[in-house]
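When we follow my numbering, the leftmost residue of the sequence shown carries the number 1405, and every step to the right adds one.
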Amino acid sequence: KGGNNNSHKLGSEAESVDSDQEVDARAMDEEIIASRLESKKPVSSLHTPSKLIAAWWRDGVEFQTKRVKLPSPPTACCLAAEGGQYGWVATKGAEVIKVDLATGRRLWLRRGSLSRVDRKRLNKKQTQATEQTAKAKMVPMPHQDAILCMAQRGDRLLTGSGEGRVCVWQAEQGRLLLSHQHHREAVTGLAFNPQSAEGEYYSASVDRSVRVWLQDQPTALDTLFGHQYAILGLVAHPAGDRCLTVGSRDR
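Put into structure tokens, the structure is as follows:
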């Protein structure tokens, strides 16, 4: 009987320990998420694979797969054109690459404003001087951090990166048409308004805002707030008059 009592006590203690561990684990997760949101560490420090796999599906069955080798640094996101013939890949090193998905051939590559070697070699003041020179010459400034999201419609390609910059490219030839950095944190989502004839699009950011733009204008039409924490994803509604966003800690 004494043994049964002891086992009962041990069982209750184990249950209390498990419940305490569960509470601590939840608190630990929240603390980790909060520290990552507050961290100023460049997004380019994230690790992602350095290859692209293009797969074609027909009636729910995969019938063709193409592996495309890409140069370092590792890829961060990718996007396929509506027809499926071409795709674009963005890297941690602020590079944009257009790929023929049928053959795996690289069509063009556009690098960021400063390579990883240059960023290590130059100090902060020299980097800012390089940006000011580009602005004085009225030259669009490419990305300097990892490109996290892309969107494409017609002959316009949008890219958003970790330093809060959005770039508008000519999708066919890869010419940089426009660049602006109005978000205070990383751009995490881009989407075109499917009903807009003027190229209206949305951008979402870790700074908790959604901005509305026209593809050929450097200033935002509107800024929307609703999330209490970072926005992690965005998609345009088919009706064209709204967009859907998903947050992190505010669920």
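C-beta atoms are modelled at their ideal positions from N, C-alpha and C, and glycine is treated no differently. Small disclaimer: the values here were computed from a predicted structure and weren't measured.
With which residues is residue i paired in a DSSP beta bridge?
| i | result |
| --- | --- |
| E1499 | None, per the DSSP bridge assignment. |
| T1592 | DSSP output for T1592 lists no bridge partner at all. |
| E1604 | L1618 |
| Q1557 | The sequence as given places Arg at residue 1557; Gln does not occur at that position. Bridge partners of R1557: R1560. |
| A1640 | C1647 |
| Y1490 | D1504 |
| D1626 | V1616 |
| L1582 | V1572 |
| A1484 | G1491 |
| L1513 | I1501 |
| S1565 | I1551 |
| S1609 | V1591 |
How many angstroms separate the CA atom of residue i from the CA atom of residue j?
| i | j | result |
| --- | --- | --- |
| C1553 | R1509 | 22 angstroms |
| A1595 | L1628 | 15 angstroms |
| A1480 | D1645 | 29 angstroms |
| A1634 | Q1585 | 17 angstroms |
| T1495 | A1601 | 30 angstroms |
| K1502 | R1557 | 15 angstroms |
| P1358 | A1643 | There is no way to answer for residue 1358, as the model of the chain reaches only from 1405 to 1655. |
| A1608 | L1511 | 29 angstroms |
| Q1621 | M1545 | 15 angstroms |
| V1378 | D1504 | This structure gives no information on residue 1378, because the portion of the chain shown stretches from 1405 to 1655. |
| D1626 | G1566 | 21 angstroms |
| C1482 | S1583 | 20 angstroms |
| T1649 | H1641 | 10 angstroms |
For residue i and residue j, which I take to be in contact (beta-carbon distance under 8 angstroms), what is that distance rounded to the nearest angstrom?
| i | j | result |
| --- | --- | --- |
| W1492 | L1581 | That pair is no contact at about 15 angstroms. |
| G1568 | H1547 | So it is not a contact: roughly 10 angstroms between Cβ atoms. |
| Y1606 | C1647 | 5 angstroms |
| Q1577 | G1603 | Actually they are not in contact, since the Cβ atoms of Q1577 and G1603 sit about 17 angstroms apart, beyond 8 angstroms. |
Leaving out five residues on either side along the sequence, give the residues of the same chain with a beta carbon under 8 angstroms from the beta carbon of residue i.
| i | result |
| --- | --- |
| W1573 | V1500, R1514, R1560, L1561, L1562, T1563, R1579, L1580 and L1581 |
| G1592 | Per the sequence shown, residue 1592 should be read as Thr rather than Gly. L1552, C1553, G1564, A1608, S1609, V1610, A1634, I1635, L1636, G1637 and L1638. |
Skipping 5 residues on each side, what residues in its chain have a beta carbon closer than 7 angstroms to that of residue i?
| i | result |
| --- | --- |
| A1624 | H1586, R1615, V1616 and W1617 |
| A1485 | G1491 and Q1556 |
| A1575 | Q1556, D1559, R1560 and L1561 |
Ignore the nearest five residues each way along the sequence and tell me which others in residue i's own chain have a CB closer than 6 angstroms to its CB.
| i | result |
| --- | --- |
| D1611 | H1587, R1588 and E1589 |
| S1652 | Y1633, A1634 and L1636 |
| A1555 | L1562, L1594, A1595 and F1596 |
| G1487 | none |
Just checking: is the beta-carbon of residue i within a distance shorter than 8 angstroms of some beta-carbon in chain C?
| i | result |
| --- | --- |
| T1592 | Among the chains of the structure shown, chain C does not appear; only one protein chain is present. |
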